[in-house]
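Structure, as structure tokens:
Protein chains: 2
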Amino acid sequence: MAVTIREVARLAGASTAAVSATLNGSRGSNIRVGTATQSRIKAAAQQLGYRSNPVARSLVTGRSQVIGLMLPYVEGFSDDNPFCALVTSGVIRETIQLHYNLMLYTSMQGTNFHHSHGDHLPKVDGVVLVMPPSSSEILLHCETKGIPYVSIIREPIPGTMTVNSDDVDGAMLATRHLIELGHTRIAHLLGDPDAYTTTQRLAGYTRALAAAKLPFDETLVRQASFDWRASYSATRNLIELPKSKRPTAIFASNDLAAEGAMRAIRESGRQVPHDVAVVGYDDTWFATTTQPQLTSVRMPIAEMGASAVRLLIAAIEGTEISTRHVVEPVSLSIRESCGTNHQQIPDPRQRGSASCTHNP
Amino acid sequence: MAVTIREVARLAGASTAAVSATLNGSRGSNIRVGTATQSRIKAAAQQLGYRSNPVARSLVTGRSQVIGLMLPYVEGFSDDNPFCALVTSGVIRETIQLHYNLMLYTSMQGTNFHHSHGDHLPKVDGVVLVMPPSSSEILLHCETKGIPYVSIIREPIPGTMTVNSDDVDGAMLATRHLIELGHTRIAHLLGDPDAYTTTQRLAGYTRALAAAKLPFDETLVRQASFDWRASYSATRNLIELPKSKRPTAIFASNDLAAEGAMRAIRESGRQVPHDVAVVGYDDTWFATTTQPQLTSVRMPIAEMGASAVRLLIAAIEGTEISTRHVVEPVSLSIRESCGTNHQQIPDPRQRGSASCTHNP
DNA sequence: GTAATTTGATGAAACGCTTTATCGCTACCT
DNA sequence: AGGTAGCGATAAAGCGTTTCATCAAATTAC
Numbered sequence: 000m001a002v003t004i005r006e007v008a009r010l011a012g013a014s015t016a017a018v019s020a021t022l023n024g025s026r027g028s029n030i031r032v033g034t035a036t037q038s039r040i041k042a043a044a045q046q047l048g049y050r051s052n053p054v055a056r057s058l059v060t061g062r063s064q065v066i067g068l069m070l071p072y073v074e075g076f077s078d079d080n081p082f083c084a085l086v087t088s089g090v091i092r093e094t095i096q097l098h099y100n101l102m103l104y105t106s107m108q109g110t111n112f113h114h115s116h117g118d119h120l121p122k123v124d125g126v127v128l129v130m131p132p133s134s135s136e137i138l139l140h141c142e143t144k145g146i147p148y149v150s151i152i153r154e155p156i157p158g159t160m161t162v163n164s165d166d167v168d169g170a171m172l173a174t175r176h177l178i179e180l181g182h183t184r185i186a187h188l189l190g191d192p193d194a195y196t197t198t199q200r201l202a203g204y205t206r207a208l209a210a211a212k213l214p215f216d217e218t219l220v221r222q223a224s225f226d227w228r229a230s231y232s233a234t235r236n237l238i239e240l241p242k243s244k245r246p247t248a249i250f251a252s253n254d255l256a257a258e259g260a261m262r263a264i265r266e267s268g269r270q271v272p273h274d275v276a277v278v279g280y281d282d283t284w285f286a287t288t289t290q291p292q293l294t295s296v297r298m299p300i301a302e303m304g305a306s307a308v309r310l311l312i313a314a315i316e317g318t319e320i321s322t323r324h325v326v327e328p329v330s331l332s333i334r335e336s337c338g339t340n341h342q343q344i345p346d347p348r349q350r351g352s353a354s355c356t357h358n359p
Numbered sequence: 000m001a002v003t004i005r006e007v008a009r010l011a012g013a014s015t016a017a018v019s020a021t022l023n024g025s026r027g028s029n030i031r032v033g034t035a036t037q038s039r040i041k042a043a044a045q046q047l048g049y050r051s052n053p054v055a056r057s058l059v060t061g062r063s064q065v066i067g068l069m070l071p072y073v074e075g076f077s078d079d080n081p082f083c084a085l086v087t088s089g090v091i092r093e094t095i096q097l098h099y100n101l102m103l104y105t106s107m108q109g110t111n112f113h114h115s116h117g118d119h120l121p122k123v124d125g126v127v128l129v130m131p132p133s134s135s136e137i138l139l140h141c142e143t144k145g146i147p148y149v150s151i152i153r154e155p156i157p158g159t160m161t162v163n164s165d166d167v168d169g170a171m172l173a174t175r176h177l178i179e180l181g182h183t184r185i186a187h188l189l190g191d192p193d194a195y196t197t198t199q200r201l202a203g204y205t206r207a208l209a210a211a212k213l214p215f216d217e218t219l220v221r222q223a224s225f226d227w228r229a230s231y232s233a234t235r236n237l238i239e240l241p242k243s244k245r246p247t248a249i250f251a252s253n254d255l256a257a258e259g260a261m262r263a264i265r266e267s268g269r270q271v272p273h274d275v276a277v278v279g280y281d282d283t284w285f286a287t288t289t290q291p292q293l294t295s296v297r298m299p300i301a302e303m304g305a306s307a308v309r310l311l312i313a314a315i316e317g318t319e320i321s322t323r324h325v326v327e328p329v330s331l332s333i334r335e336s337c338g339t340n341h342q343q344i345p346d347p348r349q350r351g352s353a354s355c356t357h358n359p
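What follows is the structure, encoded as structure tokens:
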């Protein structure tokens with residue numbers, strides 16, 4: 000059927016070894032081919048329309064030039080949460096750039112990994128794991144089989160490779176922004192209690208307060224679990240506090256949570272941002288659809304995907320890398336939910352302009 | 000390194016053939032294994048932790064249980080156009096369902112297909128092509144190599160397999176909706192002149208007019224090329240027509256085009272929907288962000304991906320299929336841009352409720 | 001009771017490639 | 001001259017699987 004290396008060799012009057020070395024530039028072998036035979040071989044290959052068979056190559060080299068991307072079990076590419084899509088976008092770009100191919104997996108709800116993939120899982124040279132649960136089957140699989148992997152959004156455990164966004168800085172950016180607008184009583188709606196990002200964002204929040212010599216008031220820090228409902232009721236409680244204890248600004252750990260907060264504020268007869276300012280996190284598309292539009296912390300999601308691929312392929316190919324834990328810088332997308340009536344002091348450490356997306 | 004079939008065979012006191020047949024249920028071979036040896040083999044495999052090597056299998060069978068998904072050259076997963084992401088979502092789901100694996104490609108701008116993928120493209124059993132340009136390199140590749148492929152959104156050429164949404168019906172839905180609201184002079188902003196969808200939507204538009212015995216007026220059909228700018232100026236022209244010739248409704252071939260139209264209408268001092276009603280197409284996320292929110296034709300994008308996979312795998316496995324050209328039904332998402340002051344007569348042929356997405 | 005079929009099992013030949021070990025040859029130092 | 005290095009090239013040994021051709025034994029058919 001397909002034209003093989005042997006036929007090329009025969010036509011060119013050379014050995015298969017020579018053909019292999021010429022056409023698919025051999026890595027570790029020490030065979031040499033003269034320029035004369037090389038051109039004969041190339042001509043023959045051209046004439047026969049030879050294409051090397053990557054499967055056969057893979058079988059002998061043990062490498063496939065393919066990396067996997069494992070998306071979290073949550074319905075991968077949903078309309079309202081572009082996170083996975085953006086990661087994928089960055090991963091694709093970098094994968095092509097580095098001449099690899101990409102296999103897409105998703106650990107769907109209710110499917111056993113080994114049942115669905117494990118058995119006929121084409122060999123990949125490594126995997127990018129997006130928000131892997133620490134008990135994840137595939138994580139174990141990689142660990143035991145010695146398959147290189149890098150996790151996106153996960154606690155940077157020594158011995159592993161991770162890519163995260165700078166959540167501490169993001170929270171600081173948000174909090175400092177509120178402080179610079181004159182707020183002194185800033186509440187924080189916490190995310191999922193055992194998420195890595197939650198502790199990071201809390202740390203950023205407290206650090207920004209400390210830097211401004213503002214007191215940390217634990218009554219202003221509420222559990223909300225990235226949840227609309229929880230944020231809504233937490234916010235209701237906050238704004239019913241006596242005036243001296245009441246926050247004038249809320250830093251939510253999520254755009255969704257921010258929406259919940261804004262709703263609660265509006266329903267109490269107050270105005271955003273006039274009475275209470277709100278900052279969100281993630282800068283998802285509906286940050287621009289809320290009323291007023293939401294100021295939110297943006298992370299370079301696609302870049303995180305690309306970084307993960309770079310890290311992974313470096314590990315696969317044994318390239319030296321400076322760090323095994325990448326932390327991507329974040330920025331603040333300033334919109335309307337914090338008000339513009341106060342003087343806005345630009346961030347001195349500004350990295351990447353705080354971009355502001357508008358409707359088309 | 001890895002445990003092979005031969006070691007299992009030795010431990011079980013059987014031949015590699017028996018092991019192969021037992022563990023990876025052979026398709027076309029006629030070898031038989033008794034239950035006694037089968038259980039011995041299974042035990043041995045279990046004990047050694049044997050996993051079959053799909054690459055080796057692939058080499059001999061010529062099949063890989065992998066299908067490819069080729070996304071169009073436009074920046075695949077962009078934030079504001081969830082089309083690719085949604086297709087991918089459907090493709091993934093169905094791929095897993097049918098026990099295949101998924102390889103993700105994208106023919107990025109400026110990259111030569113054979114250079115970037117062709118050489119070390121792991122063998123796939125078939126490809127799903129999303130909106131392939133007819134001159135597409137990969138299309139040629141598949142055609143000559145005899146690789147099965149199915150195209151999503153492409154003219155259903157005989158001898159190929161395609162998945163489209165019912166654009167004729169979509170345009171009829173939109174147009175009829177406007178007719179039922181009492182409009183008699185309905186303009187249509189055409190899409191890209193050589194896009195298949197454009198002619199389909201135009202056909203639906205004229206058909207709906209004919210069914211209502213309304214005259215077809217070619218001055219009301221304007222070129223707009225799915226473009227905001229073009230739609231904007233086309234609409235300006237339309238609303239400057241003398242009153243008797245002026246449209247009271249506009250059916251745009253795109254949400255973006257609809258936005259352009261609405262802008263032009265507003266800037267002329269008129270109101271949407273009071274003076275001119277507008278319908279969009281695609282029902283993308285910003286249909287809910289426009290002011291007023293846009294009534295738009297929704298197509299089941301993820302379903303299209305899933306259908307494509309079903310078609311493809313049927314072709315790969317030689318299963319009989321009823322049709323090689325799937326046409327997915329569409330629905331109308333009714334919002335504000337056509338007004339609610341008139342009686343809304345529900346669509347009698349209603350298939351899949353006309354869903355209406357709201358902000359969270 | 002013999003022939004024909006079925007059952008259970010096996011060795012070995014691919015599949016298309018990479019790579020090791022080997023070899024002849026020329027050229028270059030001592 | 002002898003030894004060594006380097007170049008150009010090759011035959012052949014795998015990589016881990018599937019499957020073909022074969023075969024002995026057991027079962028069934030006639």
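Line by line, the protein sequences are chains A and B.
Here the first sequence is numbered in numbering that gives the first Met the number 0, starting from 0 and rising by one per residue.
Here the second sequence is numbered in numbering that gives the first Met the number 0, starting from 0 and rising by one per residue.
A virtual CB, placed ideally from N, CA and C, is assigned to each residue, including glycine.
- Counted as a single uninterrupted DSSP element, the alpha helix (DSSP H) harbouring Gly259 (chain A) occupies residues Asp254 to Glu266.
- At a cut-off of 8 Å between beta carbons, Lys41 (chain B) makes no contact with chain A.
- The Cβ atoms of Leu310 (chain B) and Val162 (chain B) lie closer than 8 Å to each other.
- Counting the other Cβ atoms within 10 Å of the Cβ of Phe250 (chain B) gives 16 or more, which makes it buried.
- With respect to chain A, the C-beta atom of Val162 (chain B) has no partner C-beta closer than 8 Å.
- Here the alpha carbon of Ala211 (chain B) sits roughly 23 Å from the alpha carbon of Ile238 (chain B).
- Bridge pairing for Asn163 (chain B): B:Val326 [DSSP].
- Beta-bridge annotation (DSSP): Ile151 (chain A) is paired with A:Val129 and A:Val162.
- Chain-ordered, the chain B residues with CB closer than 9 Å to the CB of Met102 (chain A) read Val65, Asn100, Leu101, Met102, Leu103 and Pro121.
- For Met303 (chain B), no beta strand (DSSP E) segment is defined; the enclosing uninterrupted segment is the alpha helix (DSSP H) at Ile300 to Glu316.
- Short of 6 Å from the beta carbon of Thr294 (chain A), and not among the five residues preceding or following it, lie these beta carbons of its own chain, in chain order: Val278, Ile333, Arg334, Ser336 and Cys337.
- Here the C-alpha atom of Leu128 (chain A) lies approximately 23 Å from the C-alpha atom of Ser224 (chain A).
- The residue among A:Met102, A:Leu58, A:Pro246 and A:Ser63 with its C-alpha nearest the C-alpha of Leu213 (chain A) is A:Pro246.
- As computed with DSSP, Ala186 (chain B) is found in a beta bridge with B:Ile249.
- Within the segment 80-99 of chain B, those residues whose Cβ lies closer than 8 Å to any Cβ of chain A are, in chain order, Pro81, Cys83, Ala84, Leu85, Thr87, Ser88, Ile91, Arg92, Ile95 and His98.
- The alpha-carbon of Asn23 (chain B) is positioned some 14 Å away from that of Asn29 (chain B).
- Against chain B, the CB of Pro53 (chain A) has a partner CB under 8 Å away; the residue lies at that interface.
- Proximity of Leu177 (chain B) to chain A, defined by a Cβ-Cβ separation below 8 Å, is not satisfied.
- By the Cβ-count criterion, Leu219 (chain A) is buried, with 16 or more other Cβ atoms from all chains shown falling within 10 Å of its own Cβ.
- In the DSSP secondary-structure assignment, Arg297 (chain B) is bridged to B:Ser330.
- Within a 10 Å sphere around the beta-carbon of Asn236 (chain A) sit fewer than 16 other beta-carbons, which makes this residue exposed.
- Judged by DSSP in its simplified three-state form, Asn52 (chain B) adopts coil rather than helix or strand.
- Taking Ala229 (chain B) as reference, the option from B:Glu258, B:Leu240, B:Thr198 and B:Ser306 with the minimal CA-CA separation is B:Glu258.
- In chain order, Ile151, Val162 and Glu327 place their CB closer than 6 Å to the CB of Met303 (chain B), counting only its own chain and leaving out the 5 sequence neighbours on each side.
- Leu103 (chain A) carries a strand assignment under DSSP once its states are collapsed to helix, strand and coil.
- Contacts with chain A at 8 Å (Cβ-Cβ) do not include Ser336 (chain B).
- If you check the CB distance, Thr94 (chain A) and Leu101 (chain A) come in under 8 Å.
- Excluding residues up to 5 positions away in sequence, Ala207, Ala210, Ala211 and Asp346 lie with their Cβ nearer than 8 Å to the Cβ of Arg175 (chain A) in the same chain.
- Gln222 (chain A) sits in a strand when the DSSP states are folded into three classes.
- Rounded to the nearest whole angstrom, the CA to CA distance from Tyr148 (chain A) to Ser232 (chain A) is 40 Å.
- The shortest C-alpha to C-alpha distance from Arg31 (chain B) to any of B:Ala20, B:Val325 and B:Val7 is the one to B:Ala20.
- Around the CB of Ser135 (chain A), 16 or more other CB atoms lie within 10 Å, so the residue is classed as buried.
- In this chain, Ala211 (chain A) is not harboured by any beta strand (DSSP E), its DSSP state being neither H nor E.
- For Phe76 (chain B), the neighbours in chain A by C-beta distance under 7 Å run, in chain order, Ala84, Leu85, Thr87 and Ser88.
- A residue is called buried when at least 16 other Cβ atoms come within 10 angstroms of its Cβ; Pro157 (chain B) does not meet this threshold and is exposed.
- Under the 8 Å criterion on CB atoms, Thr198 (chain A) is classed as non-interfacial with respect to chain B.
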